[in-house]
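Here the sequence shown is numbered in the UniProt record's numbering, starting from 1 and rising by one per residue. Single-structure report; data block below.
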Amino acid sequence: MHFFTKAAVLFLATLAIADDRCTNGPFVKDPPQAGRKVPNPACHTQWDNGEVIVGVEAWAAKWQMRAIRFKYSQMGWGEIHGNIKDHDGTHAVAEWKASEEVNIRTWNNKPDDGDPVDAVGRILITTKGRTLLDIGTDPKKTAKNENYGSNMGGGIILGARTASGVWLDYVEFNMLKSKVKSAELIDVKMSKSLEDMNKKQEGIDSMDLTTMYFINENPKNGSNMIYSQTLKQEKATEKTIETSTENEWSAEVSVTVGASVGIPLISASVETTASTGFRNTQFESEKLSEKGVKKFEWTFECDPETPLPPQRAAKCVAKTTAGDFEGSFVGTVEVELVDGSRYKYKEKGQVKTMSYLDASTSCKEIPLKDVPSGATIGKDIHNVKGGKRSIRRSRIFRE
């Protein structure tokens, strides 16, 4: 015969207030559970933040399981629920990947003298036939039959509920109720203010694409020359969203990007500064990462009415403006399950982008002697008759 006065006092002292996250989540209706059912068992979950349980550590004694704690996919190990001071040394730890589907079987304990069930007797966790954790009381003190009817749903543990005092009175595993069909990132809020970044021009840099010289080596009384040369160049671009919980709900389903999600890319003008800056721009595909190339094309040229005089040169420069952004975000992922139901959870991560504006060009006339040794010399230049001794500012060419 057991006396529960001390246990009851400790249990009431540690009883948790009801947590809606363990009652309103996307859980199976008949979860694996064991022990003495109590009102408002403590809730242990981070499913609303995109985390799942990926580990269990438990302690057992002869008559009852004594304590348990859970490991979250991002936060790591949580606190111990129960009493680990008075156990006979039976102890077990199991960890698995967030995307691994698990199966849980539970048993009640078996008190003497016909007393009612008062604690958890045994917990068995397996994956694909492989045992991860098997811990319990003395086999003679464990109920013969397991708690049948448990529904494993999608095989992912989103949370757990416990009641504990001197021992582990009750445990329940909140399983994802169905496999995941799709997961979509539907909004992103950057931690950095784009307005502040643009005012400071943070992450924005001017970059030379090339410098080319056109030279007129004719004698002083010789012919003027005109030039026109088109060039091309490519630079790597990147748009990447790194999520903290990607692929934790299902090994086969990855998070995609919704059409409404915008990330910072460089723009020729923004409202707050009326100059170059970052502007939120939508992804062009559903993938979290887009790597490509920016194709530049420009032409260095002078007008036939303003040719290059003899013994003079034109220094032509092509430039672009690069936007290099990296920052953290908080957002929302909407998940659709195979059973048709939907739910949302909070997401955190990093955004990285590298983008460029179209090329701009400029040319200025210089003395022929100022052309540096080893300079790139333009080839598309030829003689003309007459003309003014000036250089027209080169045009800006866009793709």
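Note that the Cβ used here is the ideal one computed from N, Cα and C, for glycine as well.
Can you check whether the CB of residue j is closer than 8 Å to the CB of residue i?
i, j, result
"V257", "F283", "yes"
"P310", "P219", "yes"
"T237", "W298", "no"
"M212", "T376", "yes"
"A183", "L132", "no"
"T90", "I135", "yes"
"P41", "T162", "yes"
"K141", "N109", "yes"
"T45", "G159", "yes"
"L265", "F278", "yes"
"I226", "H382", "yes"
"V351", "G323", "no"
"V117", "G155", "no"
Please report the straight-line C-alpha distance between residue i and residue j, rounded to a whole angstrom.
i, j, result
"L308", "K369", "15 Å"
"I104", "I241", "34 Å"
"S228", "G222", "20 Å"
"P372", "T210", "14 Å"
"D196", "G203", "11 Å"
"D208", "A318", "6 Å"
"S267", "G349", "23 Å"
"T281", "K239", "10 Å"
"P32", "T276", "58 Å"
"L124", "A92", "11 Å"
"V335", "L185", "9 Å"
"T127", "E100", "7 Å"
"W59", "S193", "49 Å"
"G262", "I53", "31 Å"
"L357", "D205", "11 Å"
"residue 402", "I157", "Since the first residue of the chain shown is 1 and the last is 399, residue 402 is not available in this structure."
"E217", "C363", "18 Å"
"C316", "N224", "18 Å"
"C22", "F325", "38 Å"
"W47", "E146", "27 Å"
"V173", "D339", "It should be pointed out that residue 173 corresponds to Phe in this sequence rather than to Val. When rounded, the distance between both Cα atoms is 20 Å."
"L231", "G55", "58 Å"
"P111", "K62", "11 Å"
"E301", "K181", "56 Å"
"L337", "K200", "44 Å"
"G374", "N198", "38 Å"
Given residue i, which residues of its chain have a CB within under 8 Å of its CB, disregarding the five upstream and five downstream residues?
i, result
"E234", "V293, K294, K295, F296"
"K85", "none"
"S191", "G327, S328, F329, V330"
With 16 as the cutoff for other CB atoms within 10 Å, does residue i come out buried or exposed?
i, result
"A274", "Only weak support is given to the placement of A274: the predicted model assigns it a pLDDT of 44, under 50, and the value that follows is read from those uncertain coordinates. Flag for A274 reads exposed."
"D169", "buried"
"W77", "exposed"
"M354", "buried"
"G114", "exposed"
"R342", "exposed"
"A98", "buried"
"N24", "exposed"
"G378", "buried"
"R26", "In the sequence as displayed, the identity of residue 26 is Pro instead of Arg. P26 comes out buried."
Got a sec? Which residues, its chain only, sit under 7 Å from residue i by beta carbon, not counting five neighbours each side?
i, result
"G153", "V28, M175, L176, K177, S178"
"R69", "E57, W77, G78, E79, I80, H81"
"R130", "none"
"N83", "R66, A67, V166, W167"
"D380", "Y227, S228, Q229"
"A259", "Q282"
"V38", "A163, D169, Y170"
By Cβ distance, which residues of its chain are closer than 6 Å to residue i, with the 5 residues on each side in sequence left out?
i, result
"P139", "none"
"N49", "K346"
"N151", "V28, D30"
"V120", "A34, G35, M65, L168, V171"
"E51", "Y72, S73, Q74"
"V330", "K189, K348"
"E290", "K239"
"A313", "Y213, I215, I366, L368, V371"
"D20", "none"
"T243", "V255, E347, G349"
"D187", "G331, T332"
"E286", "T256, V257"
"R122", "W107, G136, T142"
Given the structure, does residue i come close to the ligand COA, in the sense that its CB is under 7 Å from one of the ligand's heavy atoms?
i, result
"S99", "You won't find the ligand COA in this model; it holds no ligand whatsoever."
Taking only runs of the beta strand (DSSP E) that begin and end inside the segment 172 to 248, which ones reach a length of at least 3 residues, in chain order? 180 to 190, 204 to 216, 224 to 243
Within the segment 101 to 142, note down every full alpha helix (DSSP H) run reaching 4 residues or more, in order along the chain. none
For the segment 14 to 93, which segments carrying the beta strand (DSSP E) assignment without a break, of at least 3 residues, lie completely within its bounds, in sequence order? 33 to 35, 42 to 45, 53 to 60, 65 to 72
Enumerate, from N- to C-terminal direction, the unbroken beta strand (DSSP E) stretches of 3 or more residues contained entirely within the segment 253 to 284. 255 to 257, 262 to 267, 277 to 282
Which runs of the beta strand (DSSP E) fall wholly inside the segment 313 to 381 and span at least 3 residues, in chain order? 342 to 356, 360 to 367
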